[in-house]
Amino acid sequence: MTRVLVTGSGGMLGRDLLAVLRTRPDLSVTAAARADLDVTDAHAVQDAVSGHDVVLNAAAWTDVDGAETRERDATAVNGDAVAHLARACAGSGTRLVHVSTDYVFAGDATEPYPEDAPTGPVNAYGRSKLAGEQAVARLLPETGYVVRAAWLYAPHGRNFVTTMLRLAAERDRLDVVDDQRGQPTWSYRLAERLVALAGAALAGDAAPGTYHGTAAGETTWYGLARAVFALRGLDPERIRPTTTDRFPRPAPRPHYSVLAHGRWAAAKLPPPEDWRADLARALAGDCG
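In this note's numbering, the protein residues as written are 59 to 346.
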């Protein structure tokens, strides 16, 4: 039986990873939420990894704006801790599937970023996540996998989709940014892809390195908000487009976060599905 360790199992993606893994009776799963495992403790990480065939790392510092003033703390979780996991995996022959982000890119492209595109983060959060990617590449060149995600949402937890639905009940009109482009990605669907990639890695079908785990297609936050309203039977005309400069934030955001998906076919895995179809299934409660 394949033994799987899920770090960060208490977060939005971690919860969905556990939901996907529960459908697999051939897997023995260890869930490690923040209270169970301090990923910044190298010795604790080594003990946790021991005895597992694969680690799915969903543990992360996700406070993008907070990282601007606490970059060292963000890097401890998103960079140093990933190095601890990679070293522990290297020592025990364990595969590591680590979740990264579109924020490692500058966001100034005009066409989808391929997996090997030059990185250039524009904020502290992106730099901290890039440090994690570099640790995996350096320490696990043959057994390490980085999967970049972006614009994650779920019907549960705090995310853009649930925020829009909450605000819909509080306000008549909503102004939503229309000059940032990306790929809304259902957390459950990403979890399925991570588990599938881990299986392909163990079977020798997936080459190590970087993959893009976002949904297919692209839109803006404004376009996503309108789609959410329409699917819930709300009037999309209540959403008004605006620009990023109307909502100043401590951390600059990439304006273009569309990722290409070229490496999935080589791993004998299907391409990602369109974000619109996934959003409809997520809001309908269809997890399976």
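Heads up, the beta-carbon is just placed ideally off N, CA and C, and yes, glycines get one too.
Exercise for the section: Verify whether the separation of the beta carbon atoms of Glu129 and Ala189 is less than 8 Å. Expected result: no
Name the two residues that bound the continuous beta strand (DSSP E) containing Asp84. First-last for Asp84: undefined, no H or E at that position.
Arg82 versus Pro306, Tyr269, Ser315 and Ala256, residue with shortest Cα-Cα distance: Ala256
Exercise for the section: Reducing DSSP to helix, strand and coil, say where Arg284 ends up. Expected result: helix
Any Cβ of chain D within less than 8 Å of the Cβ of Ala338?
Given the protein chain composition of this structure (a single chain), no chain D is represented.
Going along the chain, which residues of its own chain have a beta-carbon closer than 8 Å to the beta-carbon of Leu353, five neighbours each way excluded?
Residue 353 falls outside the range modelled here, since the chain spans only 59 to 346, and no answer is possible.
Review point. So, using beta-carbon positions, are Leu71 and Leu197 closer together than 8 Å?
Key: no
**Asked** Is Lys187 closer than 8 Å to Tyr203 when the C-beta atoms are compared?
**Response** no
inquiry  = Rounded to whole angstroms, what is the Cα-Cα separation between Asp293 and Asp123?
reply    = 31 Å
Open item on the list: Applying the 10 Å Cβ sphere with the 16-neighbour rule, what's the burial state of Thr301?
Closed with: exposed
The alpha helix (DSSP H) enclosing Asp105, as first and last residue numbers = Ala100 to Val107
Next on the checklist: With a threshold of 8 Å on Cβ separation, who are the neighbours of Ala148 within its own chain once the five nearest residues in sequence on each side are excluded?
Outcome noted: Excluding sequence neighbours, Ala148 sits near Leu197, Leu198 and Thr201.
Worksheet item: For Leu75, which residues of its own chain have a beta-carbon under 8 Å away from its beta-carbon, when the five flanking residues on both sides are left out?
Response: Cβ within range, chain order: Val64, Ser67, Leu114, Ala116, Ala249, Leu252 and Val253.
Locate the beta strand (DSSP E) running through Arg216, then write down its first and last residues.
Element bounds for Arg216: n/a, residue is neither H nor E.
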